[in-house]
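*Asks:* Note that the protein sequences, when read in sequence, are chains A and B.
Okay, so the first sequence: first residue is 894 according to my numbering, each after it adds one.
Okay, so the second sequence: first residue is 894 according to my numbering, each after it adds one.
Backbone N, C-alpha and C define an ideal beta-carbon position, used for all residues, glycine too.
Predicted model, so just to flag it, every value in this text is computed and none were measured.
Before I ask anything, let me first share the structure, which is written out below as structure tokens.
Protein chains: 2
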Amino acid sequence: MDAVRVGFVGLGIMGKPMAGHLLKAGYPLTVFNRTRSKTDELGSQGARVASTPAEVGANADIVITMVSDSPDVQEVVAGKNGVIEGLAPGGLVIDMSTISPAVERELDRQLRERGCSLVDAPVSGGDVGAKNATLAIMAGGEKADVERATPVFQKLGKTITYCGAVGNGQLTKLCNQILVSINLLAVSEAVLFARANNLDPLTMIQAVQGGAAGSWQLANLGPRVVKRDFAPGFMIDLMQKDLRLVLQAADLTPTCLPAASLVHQLMSAAQAAGQGREGTQGLAKVLEKLSSL
Amino acid sequence: MDAVRVGFVGLGIMGKPMAGHLLKAGYPLTVFNRTRSKTDELGSQGARVASTPAEVGANADIVITMVSDSPDVQEVVAGKNGVIEGLAPGGLVIDMSTISPAVERELDRQLRERGCSLVDAPVSGGDVGAKNATLAIMAGGEKADVERATPVFQKLGKTITYCGAVGNGQLTKLCNQILVSINLLAVSEAVLFARANNLDPLTMIQAVQGGAAGSWQLANLGPRVVKRDFAPGFMIDLMQKDLRLVLQAADLTPTCLPAASLVHQLMSAAQAAGQGREGTQGLAKVLEKLSSL
Chain A
894 MDAVRVGFVG LGIMGKPMAG HLLKAGYPLT VFNRTRSKTD ELGSQGARVA STPAEVGANA
954 DIVITMVSDS PDVQEVVAGK NGVIEGLAPG GLVIDMSTIS PAVERELDRQ LRERGCSLVD
1014 APVSGGDVGA KNATLAIMAG GEKADVERAT PVFQKLGKTI TYCGAVGNGQ LTKLCNQILV
1074 SINLLAVSEA VLFARANNLD PLTMIQAVQG GAAGSWQLAN LGPRVVKRDF APGFMIDLMQ
1134 KDLRLVLQAA DLTPTCLPAA SLVHQLMSAA QAAGQGREGT QGLAKVLEKL SSL
Chain B
894 MDAVRVGFVG LGIMGKPMAG HLLKAGYPLT VFNRTRSKTD ELGSQGARVA STPAEVGANA
954 DIVITMVSDS PDVQEVVAGK NGVIEGLAPG GLVIDMSTIS PAVERELDRQ LRERGCSLVD
1014 APVSGGDVGA KNATLAIMAG GEKADVERAT PVFQKLGKTI TYCGAVGNGQ LTKLCNQILV
1074 SINLLAVSEA VLFARANNLD PLTMIQAVQG GAAGSWQLAN LGPRVVKRDF APGFMIDLMQ
1134 KDLRLVLQAA DLTPTCLPAA SLVHQLMSAA QAAGQGREGT QGLAKVLEKL SSL
């Protein structure tokens, strides 16, 4: 049997290095990107460059999508000239974007009408994780489909978790974002409190990081807040998109998430102040503005 | 020169094992506890049992206090028959309780009038840290005083951080509590969201713990929330005392701490529901009550 043919739609800051890993691993690769110039590098390395997502589907057994938001995934998968128009029965779409769980379920339904199916597999680890193939991948879908996707996942990440039905990958990613964003608010408040009381905030971080107060956010973004480094690891605008997904999903059950909601409101203030493209740690500046600092 | 004589006031769940480590290390030890029966074990192991804190002061070069709240420290140090009445000039009080930074500064002032001084050195790590001598110790005071206290600290903890002037140990501990309590709210919301959406919450924790969402609270209290284990590591009533100190200190600068304030309010609801003596992870039940779970 021939090697599994892989397609990749969306060669942004995440998608491009991910697609590169798959090409290097020897998968026959077809790529599409809205801005065509972003396909040049992979094209010169041997990837087939398609003119539409449908053309990607026609040349692949597995198509990965890595785009910005729910409408983008809907368009490239099920819109005009979407992947679904080219994909043969038996094909698998793996959406690795962070989008609405409900949209994933609807796309899976549409794919199943054509004898195809979907795995939702959002990631955490950011552009560094994408470059180093150390992403955490949270996969939802039929178990057999996720098993079929696993060799591909193993070229992209180090932690691969099966989360259950289609949509559960997204729901797990949203739990991740609840934790990340609230932990960051904790860091912002602790550093603010330290500075307002004339503590050395780096000494404070060092004193508490090893114990019950410790977190990835404190260790990694705490020092950036202290040093006024607001360059993006992950942008406020994108976190806001994810928190919107969190709060929309919470409305459906309904679930009371006061701190997630609070972070969303405070990050709205950051956006209003023109900080949308700063790193999430720019949240700290909102609290400073509300305090005597 | 003879060995440094140590006194210990407050043999509760934290103080008793800490005093035990010092006795075992060979320090001549004098102890006091309001409920005298709690001194029996150390007394039988060779500690001198005093009838008042003043008697502890009279028999020690360094007196450690480990009691519940600001008024308790004020009473045992500077109240009637307090340590200050017995301590000779040159004596050092090390308060390892978690109390108001302002009270520490005032006690230091009073001690200095007698030629003595104070180090505030609250700890994190709980009763397990006290038993295993693995506490994190956050020390404020004159540098020479903290250096004098360090050999004693080394018998009690593993991370000893010099935080600056008197009161800065407490302020650092309050930063610790801001982080601990908000991170716990993050865990409560993420587990609630997972359950409301029919995810397996332990799988969710395992999927995200290794990355940017990771925290001590998630790794340690997340599974307890999932398993409905609300036994106290650290009690809600005590966290409320600490958050009260946080918010009082924040009022003075003033500093806006919306999430710390939110946790305090939600834990008030837990106390109203009779959960004050549960572990802090009982916070999760408040959110459940406000949701469809």
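Can you tell me whether DSSP reads L1186(B) as helix, strand or coil?
*Replies:* Along the second sequence, one-based indexing puts residue 1186(B) at 293. L1186(B) falls in the coil class under three-state DSSP.
*Asks:* So what's M1132(B) in DSSP terms, helix, strand or just coil?
*Replies:* By one-based count along the second sequence, residue 1132(B) stands at place 239. Helix, per DSSP.
*Asks:* Could you spell out the range, first to last residue, of the beta strand (DSSP E) harbouring S1010(B)?
*Replies:* Indexing the second sequence from 1 puts residue 1010(B) at position 117. S1010 to D1013 is the extent of the beta strand (DSSP E) around S1010(B).
*Asks:* Closer than 9 Å by beta-carbon distance: list the chain A residues that pair up with I987(B), in chain order.
*Replies:* Reading the second sequence from its first residue, position 94 is the one you call residue 987(B). Under the 9 Å cutoff, chain A gives no residues; its nearest Cβ is about 17 Å from I987(B).
*Asks:* Quick check: is the beta carbon of L1064(B) nearer than 7 Å to any beta carbon in chain A?
*Replies:* As a working note, residue 1064(B) is residue 171 in the second sequence. With 7 Å as the cut-off, L1064(B) counts as an interface residue toward chain A.
*Asks:* Measure the C-alpha to C-alpha separation of A1177(A) and E997(A) and round it to an integer number of angstroms.
*Replies:* The residue given as residue 1177(A) occupies position 284 in the first sequence. The residue given as residue 997(A) occupies position 104 in the first sequence. If I take the Cα positions, the gap works out to 34 Å.
*Asks:* Over the uninterrupted beta strand (DSSP E) stretch that includes K1051(B), give me the two end residues.
*Replies:* In the second sequence, residue 1051(B) corresponds to position 158, counting from 1. Where K1051(B) is concerned, the enclosing beta strand (DSSP E) stretches over G1050 to G1057.
*Asks:* Taking three-plus beta-carbon pairs below 8 Å as touching, is the segment 1071-1079 of chain A in contact with the segment 1039-1057 of chain A?
*Replies:* As far as the Cβ criterion goes, the segment 1071-1079 of chain A does not touch the segment 1039-1057 of chain A, which means the pair count is below three.
*Asks:* For M894(A), which residues from the same chain have a beta carbon less than 7 Å from its beta carbon, with the 5 sequence-adjacent residues on both sides left out?
*Replies:* Reading the first sequence from its first residue, position 1 is the one you call residue 894(A). Residue confidence for M894(A) is low, a pLDDT of 45 falling below 50, so the modelled location carries little weight and cannot support an answer.
*Asks:* Helix, strand or coil for F1046(A), going by three-state DSSP, please let me know.
*Replies:* Taking the first residue of the first sequence as 1, we reach residue 1046(A) at position 153. Of the three classes helix, strand and coil, the one that applies to F1046(A) here is helix, per DSSP.
*Asks:* Indicate the three-state DSSP secondary structure (helix, strand or coil) for P921(B) in the structure shown.
*Replies:* Indexing the second sequence from 1 puts residue 921(B) at position 28. Looking at P921(B) - three-state DSSP - the assignment turns out to be coil, as it is neither helix nor strand.
*Asks:* Just checking my contact of Q1133(A) with M1160(A) at CB under 8 Å: how many whole Å lie between their CB atoms?
*Replies:* In the first sequence, counting from the first residue as 1, residue 1133(A) sits at position 240. In the first sequence, counting from the first residue as 1, residue 1160(A) sits at position 267. About 5 Å separates the two Cβ atoms, so the contact holds.
*Asks:* Closest to K1024(B) by CA distance: which of V1016(B), P910(B), A971(B) and E1171(B) is it?
*Replies:* Numbered from 1 along the second sequence, position 131 holds the residue referred to as residue 1024(B). Comparing Cα positions, the closest option is P910(B).
*Asks:* In angstroms, rounded to a whole number, what distance separates the CA positions of C1009(B) and P1147(A)?
*Replies:* Start at 1 with the first residue of the second sequence, and residue 1009(B) comes out as number 116. Start at 1 with the first residue of the first sequence, and residue 1147(A) comes out as number 254. For C1009(B) and P1147(A), the distance between alpha carbons rounds to 59 Å.
*Asks:* Evaluate G1104(B) with the Cβ neighbour count: other Cβ atoms within 10 Å of its Cβ, from every protein chain shown; 16 or more gives buried, anything less gives exposed.
*Replies:* As a first step, residue 1104(B) must be located in the second sequence, where it is residue number 211. The residue is buried, with at least 16 neighbouring Cβ atoms inside 10 Å.
*Asks:* Any Cβ of chain C within less than 7 Å of the Cβ of S937(B)?
*Replies:* In the structure shown, chain C cannot be found, because the protein chains are A and B.
*Asks:* Going by Cα to Cα distance, which pick from Q1158(A), V1179(A), A1087(A) and S1154(A) is closest to A1166(A)?
*Replies:* On the first sequence, residue 1166(A) is found 273 positions in, with the first residue counted as 1. Checking every option, the nearest Cα to that of A1166(A) belongs to V1179(A).
*Asks:* If P1015(B) and Q967(B) are in contact, beta carbons under 8 Å, what's the gap, nearest whole angstrom?
*Replies:* Locating residue 1015(B) in the second sequence gives position 122, counting from the first residue. Locating residue 967(B) in the second sequence gives position 74, counting from the first residue. Their Cβ separation, rounded to whole angstroms, is 16 Å, which puts P1015(B) and Q967(B) out of contact at 8 Å.
*Asks:* Just checking my contact of M959(B) with G903(B) at CB under 8 Å: how many whole Å lie between their CB atoms?
*Replies:* Translated into positions along the second sequence, residue 959(B) becomes position 66. Translated into positions along the second sequence, residue 903(B) becomes position 10. So it is a contact: roughly 4 Å between Cβ atoms.
*Asks:* Could you list which residues in chain A have their beta carbon closer than 8 Å to that of A1023(B), in chain order?
*Replies:* Translated into the one-based positions of the second sequence, residue 1023(B) becomes position 130. Within 8 Å Cβ-Cβ: nothing; A1023(B) doesn't reach chain A, min ~13 Å.
*Asks:* For Q906(A), which residues from the same chain have a beta carbon less than 8 Å from its beta carbon, with the 5 sequence-adjacent residues on both sides left out?
*Replies:* In the first sequence, the residue the question calls residue 906(A) occupies position 13. Note that residue 906(A) is Ile in the sequence shown here, rather than Gln. For I906(A), where only same-chain residues beyond five positions count, the Cβ hits under 8 Å are D1020 and A1023.
*Asks:* CA-CA distance, I987(B) and A953(B)?
*Replies:* Position 94 of the second sequence, counted from the first residue, corresponds to residue 987(B). Position 60 of the second sequence, counted from the first residue, corresponds to residue 953(B). Approximately 12 Å between the Cα atoms of the pair.
*Asks:* At a Cβ threshold of 7 Å, is M894(B) touching chain A?
*Replies:* Taking the second sequence and counting its residues from 1, one reaches residue 894(B) at position 1. Caution is warranted here: a pLDDT of 46 is assigned to M894(B), below 50, making its placement in the model unreliable, and the coordinate value is therefore given only provisionally. No, because no Cβ of chain A sits closer than 7 Å to the Cβ of M894(B).
*Asks:* So, at 7 Å on beta carbons, what are the nonlocal neighbours of G972(B) in its own chain, with the 5 sequence-adjacent residues on each side left out?
*Replies:* As a working mapping, residue 972(B) is identified with position 79 in the second sequence. Hits under 7 Å: none found.
*Asks:* Using a Cβ-Cβ cut-off of 7 Å, state whether L1077(A) counts as contacting chain B.
*Replies:* One-based indexing of the first sequence puts residue 1077(A) at position 184. Not an interface residue.
*Asks:* Got a sec, what are the start and stop residues for the alpha helix (DSSP H) V949(A) sits in?
*Replies:* What you label residue 949(A) is simply residue 56 of the first sequence in a count that begins at 1. P946 to A951 is the extent of the alpha helix (DSSP H) around V949(A).
*Asks:* Could you work out which residue in N1061(B), A940(B) and N974(B) is closest to M989(B) when comparing CA atoms only?
*Replies:* By 1-based counting over the second sequence, the position of residue 989(B) is 96. Minimum Cα distance to M989(B) is reached at N1061(B).
*Asks:* Which residues of chain B have a Cβ atom closer than 8 Å to the Cβ of G1034(A), listed in chain order?
*Replies:* Position 141 of the first sequence, counted from the start, is the residue given in the question as residue 1034(A). Here the premise fails: no neighbours, minimum Cβ distance about 14 Å.
*Asks:* Near D1130(A), which residues of its chain fall below 8 Å by C-beta distance, leaving aside the five closest residues on each side in sequence?
*Replies:* Counting from one through the first sequence, the residue named residue 1130(A) turns up at place 237. For D1130(A), where only same-chain residues beyond five positions count, the Cβ hits under 8 Å are Q1164, G1169 and R1170.
*Asks:* Who are the near neighbours of Q1110(B) in its chain, counting only those whose CB is closer than 8 Å to its CB and skipping five residues on each side?
*Replies:* Counted from its first residue, the second sequence places residue 1110(B) at position 217. Cβ within range, chain order: V1073, N1076, L1077, A1079 and V1080.
*Asks:* Which chain B residues sit within Cβ distance under 9 Å of F1086(A)?
*Replies:* Along the first sequence, one-based indexing puts residue 1086(A) at 193. Those within 9 Å of F1086(A) in chain B are L1064, L1067, C1068, I1071, V1139, A1142, A1143, T1146, T1148, L1150 and A1153.
*Asks:* How about A1153(B) and V1139(B): do their beta carbons lie closer than 7 Å?
*Replies:* On the second sequence, residue 1153(B) is found 260 positions in, with the first residue counted as 1. On the second sequence, residue 1139(B) is found 246 positions in, with the first residue counted as 1. The answer is yes: Cβ separation under 7 Å.
*Asks:* Chain B beta carbons: is any one of them nearer than 7 Å to that of T1052(A)?
*Replies:* As a position in the first sequence, residue 1052(A) is number 159, starting the count at 1. It does: the Cβ of T1052(A) has a partner Cβ on chain B nearer than 7 Å.
*Asks:* DSSP beta-bridge partners for R941(B)?
*Replies:* Along the second sequence, read from residue 1 onward, the residue named residue 941(B) stands at position 48. Answer is T923(B), bridged to R941(B).
*Asks:* Measuring only between beta-carbons, confirm whether G1018(A) sits less than 7 Å from chain B.
*Replies:* Your numbering for residue 1018(A) matches position 125 in the first sequence. Judged by the 7 Å Cβ criterion, G1018(A) is in contact with chain B.
*Asks:* Are the CB atoms of A940(A) and V956(A) nearer to each other than 7 Å?
*Replies:* Translated into positions along the first sequence, residue 940(A) becomes position 47. Translated into positions along the first sequence, residue 956(A) becomes position 63. No.
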